[in-house]
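S.K.: This is the structure, below, for whatever I ask next.
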Amino acid sequence: MGIINEIRQKQFSKNVSILASGTIIVQIISFLLSPVLSRLYTPEDYGLFAVFTSIISILTVMCCLRYELAIVLPKSDSEALSLLRLCIYLISILSFLVLVIVLIFKGYIAELLGTATIENWLFLIAPVLFLTGSVQALTYWFNRKKEYKIISGSRVSQSSVNSTSSLILGLLKYNSFGLIISSAISQLLPAVFLYKKSDVRIFNTNKNESNIPELRSVSLKYKEFPLFNLPSAFFDTLSVNSLIFILTYLFSESVTGSYSFALRILSIPGIVIGASIGQVFYQKISEAFYNKQKITELIFKSWKVLFLLSIIPVLILFFFGEDIFRFVFGTKWTEAGVIAKYLCILTMFTFISSPTSSAMIILKKQKEAMILNIFAFIYRPLSIVAGFYLGNFILGIALYVIFEIIQIITYNTIMIKASKKADLEFSTENVNGNNNNN
């Protein structure tokens, strides 16, 4: 058993390395370009871009009804393929509806968001949503197939295109449009790349055959995802991104831009390492759970590694964040440095917790997660509103960080209790099984 466990651990480390290696290089390039981009674009540009990406983030959570998470679960590839097809169909329908709504109500939407400038770019939401949702679903397909090199290649192409086009359009003085159109272009290449590599037929071209029965079957079998995981994820994403809308509405695009820029810089480690570990962890814990193996140790081991990776950078940012941002990114980003001082603490907790959060799905604790996210939906915007009425934006950020940390600790406490209970049940079943065999 020791040799088998060692082989499994080496395979786990190898999978993480494959996913992280290409992305690390690209994110380093992206980080090195940030001092240049911060001088080509203003906080107002980043504020408008943040509003656009927040809309995409909210819609992306809804586009597959969370069925994409189920793709790694079936034992048969045919059932998993049906789930992938279901996701692509759902994405297509929602993207079309969004396009129609935007074309009819774009003026009203821009007014509601508190920024008239974005009206000119709202038409890009539908195509970007379709591409983003497709990449998301196909990534889970390749995660199921353990094709981590393909996933890594997709992320490399996406980040490379985004960084390059942002730089070029920034030099050409395209302002916020440069950031938005770069985001749109960067989704196209990985979507095409993943679809070509998948070598599967998504849409049925045979008129005598129908996908409807199989789609109905898998949609009912995995209905807990739209019923429980979707509301939880939707409330979570909406509450996080509502901060962008509230900041723009109550303060200004400049404040929103400073906040989003600070968050983007602080999120790079999570994109590089956390997301890569998260993909592999989800596949690994799914496999362990259905093979009735212990999972709590895997969770704690991931937390330990991520804590050791994050503690020193967080301490540096907390004490010197304002000076670092002013020196590296320019004087107009001083406010972003002040914000980063508080956000870095939250980023550390998120960095440690996020990769293992998928365990809640495996442990069937979506209801508990949904309840926590409903509370988050209330306290997140109220924190910023409180800062507005108290005349102190930074106080609002501090309140937001405190409540978030409390929520993360509560979330993980529930998860660990459930994982320990599962471990105990697996141990009992394995002992009984061995006794029966003897």
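Position one of the sequence shown corresponds to residue 4 (the numbering used here), numbered consecutively onward. Idealized CB from N, CA, C, for every residue including glycine. These numbers were taken from a predicted model, which means no experiment stands behind them.
1) Do you know how far the Cα of C67 is from the Cα of F231?
2) Using a Cβ-Cβ cutoff of less than 6 Å, which residues in the same chain neighbour E217 once the five nearest sequence positions on both sides are dropped?
3) Quick one: give me the first and last residue of the alpha helix (DSSP H) that E82 is part of.
4) Comparing C-alpha positions only, which one of S189, S201, I249, V195 sits nearest to G50?
5) Counting only runs that start and end within the segment 350-385, where is the alpha helix (DSSP H) found for 4 or more residues in a row?
6) In this structure, does DSSP put I302 in helix, strand or coil?
7) According to DSSP, simplified to helix, strand and coil, what is S255?
8) Determine the DSSP secondary structure at Q139, reduced to helix, strand or coil.
9) Which residues mark the beginning and the end of the alpha helix (DSSP H) in which A53 is found?
10) Alpha carbon to alpha carbon, how far is T167 from F34?
11) Report the CB separation of I94 from Y143 in whole angstroms; it is logged as a contact under 8 Å.
12) Please state whether DSSP places N395 in a helix, a strand or coil.
13) At which residues does the alpha helix (DSSP H) containing I153 begin and terminate?
14) Nearest CA to the CA of K495: which residue from L170, S41, F303, L375?
15) State the DSSP-derived secondary structure class of V131, mapped to helix, strand or coil.
16) Does DSSP classify V203 as helix, strand or coil?
17) For the ligand GDP, I want to know if F380 counts as a neighbour, meaning its beta carbon is within less than 7 Å of at least one of the ligand's heavy atoms.
18) Short check: CB of W336 to CB of F396, under 8 Å?
19) Return the chain-ordered list of same chain residues with a C-beta closer than 7 Å to the C-beta of S185, the five sequence neighbours on each side being excluded.
20) Below 8 Å between beta carbons: does that hold for A194 and V138?
21) Taking contact to mean 3 or more Cβ pairs, one atom from each stretch, closer than 8 Å, check whether the segment 104-116 and the segment 224-242 are in contact.
22) Which residues in the same chain as I377 place their Cβ atom closer than 6 Å to its Cβ, once the five residues preceding and following it in sequence are excluded?
23) Mind checking whether S57 and I268 have CB atoms under 8 Å apart?
24) According to DSSP, is F193 helix, strand or coil?
25) Within 8 Å, do at least three Cβ pairs link the segment 197-206 to the segment 145-159?
26) Could you name the residues of the same chain whose beta carbon sits closer than 6 Å to that of Y345, not counting the 5 residues immediately before and after it, in chain order?
27) Which of helix, strand or coil does DSSP assign to G181?
28) Pairing CB atoms from the segment 313-324 with CB atoms from the segment 339-357, are three or more of them under 8 Å?
29) Which same chain residues, not among the five before or five after N244, have their C-beta less than 6 Å away from its C-beta?
30) Does DSSP put N214 in a helix, a strand or coil?
31) Measure the C-alpha to C-alpha separation of S257 and E428 and round it to an integer number of angstroms.
32) Spatial neighbours of S37 within its chain, please: CB distance less than 7 Å, with the 5 preceding and 5 following residues excluded, ordered by chain position.
33) Pull up the distance between the alpha-carbon of A421 and that of F145, whole angstroms please.
34) Which term fits I151, buried or exposed, when burial requires 16 or more other beta carbons within 10 angstroms of its beta carbon?
35) Could you check what DSSP says for Y293 in three-state terms: helix, strand or coil?
M.R.: Per the coordinate set shown:
1) 14 Å
2) S85
3) 80-116
4) I249
5) 362-365
6) helix
7) coil
8) helix
9) 46-66
10) Each residue's Cα considered, the two are about 12 Å apart.
11) About 13 Å; that fails the 8 Å criterion.
12) In the structure shown, N395 sits in coil (DSSP, three-state: anything other than H, G, I, E or B).
13) 151-174
14) Outside the shown range of the chain, which is 4 to 441, sits residue 495, and nothing can be said about it.
15) helix
16) Coil.
17) For the structure depicted, the ligand GDP is absent and the ligand set is empty, with no information on it obtainable.
18) No, Cβ-Cβ distance for W336 and F396 is not below 8 Å.
19) N165, S168, S169, L172
20) yes
21) Counting Cβ pairs under 8 Å, fewer than three are found: no touch.
22) F238
23) no
24) Note that residue 193 is Pro in the sequence shown, not Phe. Helix, per DSSP.
25) These segments touch.
26) I400, A401, V404
27) helix
28) yes
29) S57, S60, I61
30) coil
31) 53 Å
32) Cβ within range, chain order: I268, F332.
33) Distance between the alpha carbons of A421 and F145: 28 Å.
34) A small correction: the amino acid at residue 151 is Tyr; Ile does not occupy that position in the sequence shown. Buried, by the Cβ-count rule.
35) helix
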